[in-house]
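Report on one structure; see the data block that follows.
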Amino acid sequence: MNLSLRKIALAAGLMVFAGQLMAEPKRPECIAPASPGGGFDLTCKLAQSALVNEKLLTKPMRVTYMPGGVGAVAYNAVVAQRPADAGTLVAWSSGSLLNLAQGKFGRFDETNVRWLAAVGTSYGAIAVKSDSPYKTLDDLVKALKKDPSAVVIGSGGTVGSQDWMQTALIAKAAGINPRDLRYVALEGGGEIATALLGGHIQVGSTDISDSMPHILSGDMRLLAVFAENRLDEPEMKDIPTAREQGYDIVWPVVRGFYLGPKVSDEDYAWWKASFDKLLASDEFAKLRDQRELFPFAMTGPELDTYVKKQVADYKVLAKEFGLIQ
């Protein structure tokens, strides 16, 4: 065999070897770190459908639910017990980053996983039942000023969660001590909707994407969405922003996935390349829109930098509210 043929054979062998290293995971799984029906569930099911549609996976990922601590249980389980499992994606949101900023994930911080992809964004929202006496954000604020403990507010997570932070920012703007508000801690958007529609809470501090199925069914109304401007979607265009009602609060809820800390570079690269292809796809854009998410595409090192900056910014906000020293 001459030198040129040897080079060709070597290059072909390396390509085969690289293909083997970066093969499709055998048992892909997406962990939604909450109960079914909320934003983490939505995020996993979006990827489940899209990866098969784009033929990046030959069969759909299994979606499993691991509620607890609004992401803390799943984060700890993956880092400590499944750190090298290349087939396991875990859904995260801006709320996960806020909890990390406050040390709510225990001994692990934002450096302990491999941040993979951000696939879309939603916005925080304040929800009530369709027959609620509160018609505007001002109606709710007046009731809270009269007696903060008289209004039962459901939020995903305890004091310091992003749902808590949304109402805390409203309270602060209205001159109300956020600590005087009456909260019920729930595990994500699915439980908030169930509790609200069941009459167990009067207000839900939630997310617009979680809420839209109930808005469209006529069971729920949104007093405000925490977006810069009204959202340019036919079913959302009549929902007022907090900003236009005199409360300058904007709260995007970015959604995406991370992998365990010991997943190999080759397997990480396979997933990153898959999501890069996915996020550039028109079909994925349609699926994202169907799930009431807005464009936000970021992967790899760029996402890692974004996550760490967001955690640093959330630490400043948490200190402002006395949540951390």
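Just so we're aligned: the sequence shown equals residues -23 to -1, 1 to 302 in mature numbering (1 follows the signal peptide of the UniProt record, and there is no 0).
C-beta atoms are modelled at their ideal positions from N, C-alpha and C, and glycine is treated no differently.
- Take residue 251, set aside five residues on each side of it, and the residues of its chain with a beta-carbon closer than 6 Å to its own are 33, in chain order.
- Rounded to whole angstroms, the Cβ separation of residue 10 and residue 238 is 16 Å, and the two are not in contact under 8 Å.
- Annotated three-state conformation of residue 288 is helix, per DSSP.
- Within its own chain, the residues whose Cβ lies closer than 6 Å to the Cβ of residue 140, once the five positions on either side in sequence are excluded, are 132, 133, 182, listed in chain order.
- A direct Cα-to-Cα measurement between residue 203 and residue 186 gives close to 12 Å.
- For residue 244, the CB contacts under 6 Å within the same chain, skipping 5 residues up- and downstream, are 63 in chain order.
- Annotation for residue 95: 231, 233, 273, 275, 280 place their beta carbon closer than 6 Å to its own, counting only its chain and skipping 5 residues before and after.
- By the C-beta density criterion, residue 4 is exposed, having fewer than 16 other C-beta atoms within 10 angstroms.
- Assigned with DSSP and collapsed to three states, residue 6 falls in strand.
- Residue 229 and residue 98 do touch by the CB rule: their CB atoms are close to 5 Å apart, below 8 Å.
- With respect to residue 156, residue 126 sits apart: the two C-beta atoms are not nearer than 8 Å.
- Boundaries of the alpha helix (DSSP H) around residue 52: 49 to 58.
- Contact check for residue 104 against residue 173 passes: the beta carbons are separated by less than 8 Å.
- Just so you know, the alpha carbons of residue 225 and residue 219 end up roughly 7 Å apart.
- The Cβ-Cβ distance between residue 295 and residue 137 falls below 8 Å.
- Partner residues in the beta bridge of residue 69, as assigned by DSSP, are 233.
- By the Cβ test, the stretch 258 to 274 is in contact with the stretch 12 to 28, since at least three Cβ pairs between them sit closer than 8 Å.
- Secondary structure remark: continuous beta strand (DSSP E) runs of at least 3 residues inside the stretch 104 to 171, in chain order: 129 to 133, 159 to 163.
- Boundaries of the beta strand (DSSP E) around residue 183: 180 to 184.
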